[in-house]
Amino acid sequence: MLIKKLVLSDYRNYSKEEFAYSDGINIISGGNAQGKTNSAEAIFYLCTGYSPRATRDKQVVRYGADFANVYGEAETRFGKTSVEITFYPDKNKSVKINGVPVSKIGELLGNINSVFFSPEELKLVKESPEDRRRFMDISLSQLSKGYFYALQKYKKILSQRNNLLKSDDKDVIYATLPIWDRQLAEAGAKIIKRRTEFLEKLSPFAAAAHDAVTGGAEKLSLSGETEFSGDEKEIEEAFYTALSERTETDVERGHTTIGPHRDDIKIKVNGEDVRVYGSQGQQRTAALSLKLAETEIFKSEFGEYPVLILDDAMSELDADRRGRLLSSLSGIQTIITCTEPDGIPQHEKYNNIKIKAGKIYE
Ligand SMILES: Nc1ncnc2c1ncn2[C@@H]1O[C@H](COP(=O)(O)OP(=O)(O)OP(=O)(O)O)[C@@H](O)[C@H]1O
Ligand SMILES: [Mg+2]
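Position 197 of the sequence shown, counting from 1, maps to 198 under my numbering, and the rest follow consecutively.
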């Protein structure tokens, strides 16, 4: 998968700019606050409909403009495709794929795929289980629309079940809960099953990526932390039973205390929990390895790599790890943003794009 062109109009600090990317490594450089991350963010929007930053859609509209527009062209194994998103200050964004409007964001998924990595992704290793679930959810949603819709459904049922648990009328709670439990177990089982499969595949790829970046100095291992295993039906039944057994606790606490919304991934480096014992650099490298592994999953599922976006990721690695990372990227279209291109080994084949104040100047 190759992204060929990106056009930004009144998007963040860009009034009008067009990017042409090469098939290999693209280096987007410039000083702080010039628009490097903004251009990288726009690509991820075209792939998923979301910003990789915690952002509201309307924040991307350039100050004072009526709307913002992001247009991109890509080549995939199915041929050429284009995506266009228009953002408004006062209403929902609209999306067109190959010029045709689509009503659901789900339609966008799987069209152009990308994997995004930035220093913020350190939270993937360091922070709460929610960040690791989000990682699985974004990846699995791009891999399968079915997952995306099951997840939406699960979240909806979960919030309805939680609302019910907060009700004052205990009779109503006990009478209606089994219906919600059944639906929650059904949607939840799909999510648990897919996540388990995902982690089984991701694990060896992540170990290999980590081995490559650290030059064999560190060993990474991943394991899923969920209460349920087996095939989808078995998971559904076990989850349903667990929900009914916990009714008292759930009513007391006013929320659902078991399910995939509480799952986690355990990440170990050299046998130790990297979240607790890892150095900053080890945590960064582990997070990067997870993302590199994600590109391999796309390759194995779809037969082609996604676009890899490394936003400011180089400055975080020592020179050896940086060099090994770059040499492990052959065959993957990569967009790297950095303040100092000097930090990156020069190569005549790299496509260099320099940015200042929302303009390409070289
Ligand atoms: N809606 C908007 N309209 C105009 N400017 C915006 C908007 N949203 C963000 N900006 C500007 O974009 C700039 C930040 O751009 P960006 O995050 O791409 O910087 P960067 O080049 O990645 O910098 P750094 O090296 O610090 O990461 C900020 O100066 C911010 O004020
Ligand atoms: Mg930035």
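Even glycine gets a Cβ: it sits at the ideal position worked out from N, Cα and C. Quantities reported herein were computed from a predicted structural model and do not represent experimental measurements.
- Message: Quick check: the region 323–331 against the region 227–247, are at least 3 beta-carbon pairs closer than 8 Å?
- Response: Output reads no: the region 323–331 does not touch the region 227–247.
- Task: Measure the alpha-carbon distance for Asp-265 versus Glu-226 and round it to whole angstroms.
- Result: Distance between the alpha carbons of Asp-265 and Glu-226 is about 5 Å.
- Query: Asn-14 to Ser-40, Cα distance in whole Å?
  - Reply: 10 Å
- Under the rule that 16 or more other beta-carbon atoms within 10 Å means buried, what is Gly-332, buried or exposed? exposed
- Item | Residue burial classification, Phe-79 (beta-carbon count within 10 angstroms, cutoff 16) | Exposed, by the Cβ-count rule.
- Glu-349 - DSSP class collapsed to helix/strand/coil: coil
- Three-state secondary structure (DSSP) at Gly-279? coil
- Query: Using the rule of at least 16 other Cβ atoms within 10 Å of the residue's Cβ for burial, across every protein chain shown, is Lys-81 buried or exposed?
  - Reply: exposed
- Item | Ala-209, enclosing alpha helix (DSSP H) - first and last residue | Taken as a continuous stretch (DSSP letters only), the alpha helix (DSSP H) holding Ala-209 covers 171–214.
- Task: Work out the CA separation of Pro-307 and Asp-232 for me, nearest whole Å.
- Result: Here the alpha carbons of Pro-307 and Asp-232 stand approximately 29 Å from one another.
- What first and last residue would you give for the alpha helix (DSSP H) that runs through Asp-96? Reading the sequence as shown, one finds Val at residue 96 and not Asp. Unbroken run through Val-96 is the beta strand (DSSP E), 95–98; no alpha helix (DSSP H).
- Roughly how many angstroms lie between the CA atoms of Ser-316 and Glu-235, to the nearest whole one? 46 Å
- Task: Taking Tyr-306 as part of the beta strand (DSSP E), name the residues at either end of that continuous run.
- Result: Premise fails: Tyr-306 is in no beta strand (DSSP E) and is neither H nor E.
- Query: Out of Ile-361, Ala-358, Lys-350 and Thr-338, which has the shortest C-alpha to C-alpha gap to Thr-38?
  - Reply: Measuring from the Cα of Thr-38, the nearest candidate turns out to be Thr-338.
- Put Ser-328 into one of helix, strand or coil per three-state DSSP. helix
- Task: Tell me the start and end of each unbroken beta strand (DSSP E) in the region 72–143 that is at least 3 residues and wholly inside, in chain order.
- Result: Taking only runs of at least 3 residues, the beta strand (DSSP E) segments lying wholly in the region 72–143 are 80–88, 95–98, 101–103 and 115–118.
- Task: Could you spell out the range, first to last residue, of the alpha helix (DSSP H) harbouring Tyr-150?
- Result: 146–166
- What distance in whole Å lies between the Cβ atoms of His-256 and Asn-112, which are believed to be in contact at a cut-off of 8 Å? Going by Cβ atoms, the distance from Asn-112 to His-256 rounds to 36 Å, so no, they are not a contact pair.
- Message: Using only CA atoms, which one of Leu-330, Phe-88, Gly-32 and Ala-207 lies nearest to Ile-354?
- Response: Here the closest residue by C-alpha is Gly-32.
- For Glu-122 versus Phe-206, is the C-beta distance shorter than 8 Å? no
- Quick one: grab the DSSP three-state call for Ile-4. strand
- Could you please give the first and the last residue of the uninterrupted beta strand (DSSP E) stretch that includes Asn-27? Start and end: 26–30.
- Cβ pair Pro-261, Arg-183 closer than 8 Å: Taking C-beta atoms as the reference points, Pro-261 and Arg-183 fail to come closer than 8 Å.
- Starting from the C-beta of Val-275, find all residues in its chain whose C-beta is less than 7 Å away, skip the five residues before and the five after it, and write them out in chain order. Val-126, Ile-268, Lys-269, Gln-283, Gln-284 and Ala-287
- Message: Starting from Ile-44, trace the alpha helix (DSSP H) in both directions and tell me its first and last residue.
- Response: 37–49
- Query: What is the DSSP secondary structure of Ala-34, counted as helix, strand or coil?
  - Reply: coil
- Task: Could you check the C-alpha separation between Pro-179 and Thr-242 for me, to the nearest Å?
- Result: Pro-179 and Thr-242: Cα-Cα distance of roughly 10 Å.
- Query: How big is the Cα-Cα spacing for Ser-95 and Phe-45?
  - Reply: Those two C-alpha atoms are separated by around 16 Å.
- Query: Got a sec, what are the start and stop residues for the alpha helix (DSSP H) Ser-245 sits in?
  - Reply: Counting along the chain, the alpha helix (DSSP H) containing Ser-245 begins and ends at 233–246.
- Message: What does the Cβ neighbour count give for Asp-319, buried or exposed, with the cut at 16 atoms within 10 Å?
- Response: Around the beta carbon of Asp-319, fewer than 16 other beta carbons lie within 10 angstroms, which makes this residue exposed.
- Who are Tyr-12's beta bridge partners in DSSP? Tyr-15 and Val-62
- Message: Using a Cβ-Cβ cutoff of less than 6 Å, which residues in the same chain neighbour Asp-312 once the five nearest sequence positions on both sides are dropped?
- Response: Thr-38, Ala-41, Ser-119 and Thr-338
- Query: Do you know offhand how far Arg-63's Cα is from Gln-35's?
  - Reply: Each residue's Cα considered, the two are about 14 Å apart.
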